[in-house]
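Some notes on the structure that comes next.
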Ligand SMILES: [Zn+2]
Ligand SMILES: [Zn+2]
């Protein structure tokens, strides 16, 4: 199937990087899923209106550089870990207890406007009032 205009075929490997370049993640294959989430924790965690994360099989991800991590327990009682650069503070990676063997990468860190679009917007009920879900994007009112 032809890709829509403005979304050229993705090529791999791709490297995600924090702002200072100290923490990078190189992926050798496309994501298994890509999500946006407007829950309040994602708003705090990103400092923005929603998170936008791509999830990769652990074996497809190479991480280089120093990192710190922060683990918290989510609503469902499972931990979620943010892995960020100790120098510039950008969260490049995440892990979820609910998704063993999978690594999440903050899509913005790829600095690639052609990246795969999210398949779903979670927690659409918490999205900012001005934010209309893009046409064709599946939404879930909660998670
Ligand atoms: Zn950095
Ligand atoms: Zn969220």
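Numbering (the working numbering), first residue to last: 1 to 143.
Built from N, CA and C at the ideal position, the CB exists for glycine as well.
Fair warning: this is a prediction, and the values are worked out from it, not measured in the lab.
**Request:** May I ask whether a heavy atom of ligand 2 can be found less than 7 angstroms away from the beta carbon of residue 75?
**Result:** In the chain shown, counting from the first residue as 1, residue 75 sits at position 75. Not under cutoff, so the answer is no.
**Request:** Just mark residue 121 as buried or exposed, buried being the case when its beta carbon has 16 or more other beta carbons within 10 Å.
**Result:** For the purposes of this step, residue 121 is taken as residue 121 along the chain shown, with counting starting at 1. Its Cβ being crowded by 16 or more others within 10 Å, residue 121 is buried.
**Prompt:** Where residue 21 and residue 57 are concerned, what is the direct C-alpha to C-alpha distance, given to the nearest angstrom?
**Reply:** Within the chain shown, numbered from 1, the residue matching residue 21 stands at position 21. Within the chain shown, numbered from 1, the residue matching residue 57 stands at position 57. Computed Cα separation, rounded: 23 angstroms.
**Request:** Can you tell me which of 93, 91, 114, 48 puts its alpha carbon nearest to the alpha carbon of residue 12?
**Result:** Against the chain shown, residue 12 aligns to sequence position 12. Out of 93, 91, 114, 48, the CA that lies nearest to the CA of residue 12 is found in 114.
**Asked** So, are the CB atoms of residue 92 and residue 83 less than 8 angstroms apart?
**Response** Stepping through the chain shown from its first residue, residue 92 is reached at position 92. Stepping through the chain shown from its first residue, residue 83 is reached at position 83. Yes, the pair counts as a contact, with Cβ atoms nearer than the cut-off.
**Request:** In the DSSP assignment, find the unbroken beta strand (DSSP E) run with residue 41 in it and report its ends.
**Result:** Position 41 of the chain shown, counting from 1, holds the residue named residue 41. Note, residue 41: premise wrong, no beta strand (DSSP E); alpha helix (DSSP H) at 40-46.
**Message:** Looking only at its chain, what residues have a beta carbon closer than 7 angstroms to the beta carbon of residue 31, apart from the 5 residues adjacent to it on each side?
**Reply:** Residue 31 sits at position 31 when you count from the first residue of the chain shown. The beta carbon of residue 31 sits closer than 7 angstroms to those of 54, 55, 56, 116, all from its chain and outside the five residues before and after it, given in chain order.
**Request:** Starting from residue 14, follow the beta strand (DSSP E) in both directions and report where the run begins and ends.
**Result:** To locate residue 14, count along the chain shown from 1; it is residue 14. In the DSSP assignment, residue 14 falls within the beta strand (DSSP E) that extends over 14-17.
**Where the beta strand (DSSP E) containing residue 73 begins and where it ends** = Here residue 73 is taken as the residue at index 73 of the chain shown, counted from 1. Run containing residue 73: 68-73, per the beta strand (DSSP E) assignment.
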